[in-house]
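Report on the following structure.
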Amino acid sequence: MTTLDESVQDLFTQVVARNPGEAEFHQAVHEVFDTLGPVLAKHPHYADAGILTRLCEPERQIIFRVPWVDDAGDVQINRGFRVEFNSALGPYKGGLRFHPSVYLGVIKFLGFEQIFKNALTGLPIGGGKGGADFDPKGRSDAEIMRFCQSFMTELYRHIGEHTDIPAGDIGVGGREIGYLFGQYKRITNRYESGVLTGKGLSWGGSQVRTEATGYGTVFFVREMLAAGGQTLDGKRVVVSGSGNVALFAIEKVQQLGGHVVACSDSSGFVVDENGIDLELMKEIKLVERGRIADYVTRRGSGTQFVESGSIWSVPTDIAIPSATQNELNAADAEMLIRNGCRIVAEGANMPTTPDAVRALNEASVGFAPGKAANAGGVATSALEMQQNASRDSWSFDYTEQRLADIMRGIHDSCLSTADEYGMPGNYVVGANISAFTQVADAMLALGVV
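Given below as structure tokens:
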């Protein structure tokens with residue numbers, strides 16, 4: 001990590017000492033602190049009020065046991081988490097992640113990022129995150145239902161439509177949200193639609209929510225290109241991952257005239273110079289829950305499956321990392337730069353390592369951090385909350401236009417803030433400072449709480 005401005009270095013050292021062993025959380029805090037020196041110099045009252053110290057300490061951290069019985073009749077134990085990080089702007093809002101890599105440091109990194117991402121949307125939502133070290137891969141629907149019911153049996157007492165509103169994340173899709181909501185409704189005896197987002201359309205969900213993170217990332221890329229007088233038409237694009245974010249990013253790129261030539265999963269990546277056949281990929285990944293190598297077998301000539309190596313070795317104009325944290329490192333960034341990549345937009349949360357971000361910035365590659373570029377998911381979750389509160393439902397086209405407008409607003413706010421602080425075109429600086437000042441001002445107004 002780079003050396004921080006002296007105004008925040010001591011505080012960062014304290015954060016690391018206070019939260020030992022939480023590398024992802026340290027990285028997220030460092031990334032934000034790295035941009036705040038000019039803000040604290042211009043507005044010293046933020047430091048005087050202890051805003052940064054308070055921002056780095058969650059308002060509430062909940063850890064609980066999740067016991068459940070597998071199909072063989074054996075008792076399994078997982079660990080559940082919910083970190084309610086900051087509610088200065090509104091109720092806690094953020095997804096649930098079910099993955100073996102989940103531990104407190106991952107949830108705190110995601111929750112910390114969520115504070116700023118949610119602030120950028122301009123909607124009244126605070127930041128939180130949760131999940132469990134449960135792996136849904138290879139589990140039956142019945143096992144996943146029993147796990148979700150046990151998880152919600154503890155979580156329900158901590159959430160509510162005016163308190164904390166979870167959504168999905170890695171490992172938590174419509175199936176899991178359904179089981180979670182069913183158990184919440186059963187325990188509370190209330191049809192409180194606004195307590196979870198990402199619901200099915202027939203029981204309180206919103207149009208575009210499934211597509212929102214991927215679509216929103218591409219809308220942000222469209223705005224980046226437009227700022228330079230360009231469009232997506234004819235641009236070559238590589239998207240890592242093949243979950244919801246990646247698949248719907250591919251869909252929107254193709255709708256806007258771009259040419260997606262590669263995507264991936266944990267087993268490797270595929271290259272299709274004719275352009276990814278999205279319907280086939282959706283069938284394999286969303287319906288069959290298969291592996292990406294199946295795409296090559298069924299697509300035929302002109303495709304290639306690569307089991308080892310990096311997807312970022314594939315030449316591209318635009319890279320959209322949409323798999324997981326720290327998937328794009330400095331060596332990958334150098335490959336992208338050598339191959340002429342001009343934009344990297346994070347569809348996942350913190351998928352680009354600090355060294356890679358530095359290399360991209362030094363090479364004048366446009367870099368859109370996840371807290372800005374992938375905010376479309378949580379923005380549409382907030383739109384789902386609006387519809388639930390008013391007992392209303394909106395059309396796909398109307399909701400998509402709301403999403404596009406929000407992403408344009410985030411983009412413009414990032415650019416104007418970067419200009420204000422003497423770093424034109426630096427989306428990381430713009431996103432961090434714009435979000436920080438919104439949250440900090442609200443915290444000051446609410447007093448020391």
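Our numbering puts the sequence shown at residues 1 to 449. Note that CB positions come from ideal geometry on N, CA and C, so glycine has one too.
Asked, Found
"Check whether the Cβ of R175 lies closer than 8 Å to any Cβ atom in chain B.", "Absent from the structure is chain B; it holds one protein chain and no more."
"Let's see if you can read the secondary structure: which residues bound the beta strand (DSSP E) around Q304?", "303–306"
"Between E22, K371, D141, which lies nearest to A119 when the distance is taken from Cα to Cα?", "K371"
"Using a threshold of 8 Å, state whether the C-beta atoms of A330 and P351 are closer than that.", "no"
"Give me the residue from G258, P38, G37, F305 with the minimum Cα distance to V296.", "F305"
"May I ask you to verify whether the segment 108–123 touches the segment 372–388, counting CB pairs closer than 8 Å and requiring at least 3?", "yes"
"Give me the residue from P321, V287, G205, L225 with the minimum Cα distance to F269.", "P321"
"Using a 10 Å radius around the Cβ and a threshold of 16 neighbouring Cβ atoms, would you call H259 buried or exposed?", "buried"
"Assuming V239 and C263 are in contact, meaning their beta carbons sit under 8 Å apart, how far apart are those beta carbons, in whole angstroms?", "5 Å"
"Taking H30 as the reference, give the member of T417, V357, S413, S390 with the closest Cα.", "V357"
"In the DSSP output, what is S264 paired with across the bridge?", "F269"
"Tell me the rounded alpha-carbon separation between D169 and V102.", "12 Å"
"Going by DSSP, what residues sit across from K371 in a beta bridge?", "In DSSP, K371 forms no bridge with anything."
"Could you give the uninterrupted runs of the beta strand (DSSP E) lying entirely in the segment 209–241, keeping only those of 3 residues or more?", "236–239"
"Name, in chain order, the residues that DSSP records as bridge partners for Y92.", "G126, D164"
"In chain order, what residues of the same chain have a beta carbon less than 6 Å from the beta carbon of A246, not counting five sequence neighbours either side?", "V239, C263, S322"
"Just checking my contact of K93 with L110 at CB under 8 Å: how many whole Å lie between their CB atoms?", "12 Å between Cβ atoms; not a contact."
"Spatial neighbours of E192 within its chain, please: CB distance less than 8 Å, with the 5 preceding and 5 following residues excluded, ordered by chain position.", "G160, E161, Y184, K185"
"Take the Cβ of A28 as the centre, count every other Cβ of all protein chains shown within 10 Å, and call the residue buried at 16 or more, exposed below.", "buried"
"If A348 and N374 are in contact, beta carbons under 8 Å, what's the gap, nearest whole angstrom?", "7 Å"
"If we require 3 or more residues per run, which beta strand (DSSP E) segments fall completely within the segment 293–359?", "303–306, 318–320, 343–345"
"Roughly how many angstroms separate the alpha carbons of P124 and C341, rounded to a whole number?", "36 Å"
"Where do the N-terminal and C-terminal ends of the beta strand (DSSP E) with N86 fall, by residue?", "75–86"
"Going by beta-carbon coordinates alone, are I292 and S267 separated by less than 8 Å?", "yes"
"L446: buried (16+ other C-beta within 10 angstroms of its C-beta) or exposed?", "exposed"
"Taking the alpha carbon of R146 as the reference point, which residue from A167, Y179, T163 has its own alpha carbon closest?", "Y179"
"Comparing alpha-carbon positions, which option in N388, A142, G275, G228 lies nearest G425?", "G228"
"Measuring CA to CA, which of E59, V16, T35 is closest to V449?", "E59"
"Three-state secondary structure (DSSP) at W394?", "coil"
"By DSSP, does Q207 sit in helix, in strand, or in coil?", "coil"
"Taking the alpha-carbon positions, what's the V39 to P315 distance?", "38 Å"
"Spell out a yes or no on whether the segment 389–399 and the segment 207–227 are touching, meaning 3 or more CB-CB pairs, one atom from each, closer than 8 Å.", "yes"
"Tell me, please, whether the segment 63–70 touches the segment 140–158 by the rule of three or more beta-carbon pairs shorter than 8 Å.", "yes"
"Hey, how far is the Cα of P91 from the Cα of T13?", "29 Å"
"How should G201 be labelled, buried or exposed, when 16 other C-beta atoms within 10 angstroms of its C-beta is the threshold for buried?", "Here residue 201 is Leu; the residue named in the question, Gly, does not match the sequence. Label assigned to L201: exposed."
"Return the chain-ordered list of same chain residues with a C-beta closer than 6 Å to the C-beta of E211, the five sequence neighbours on each side being excluded.", "F248"
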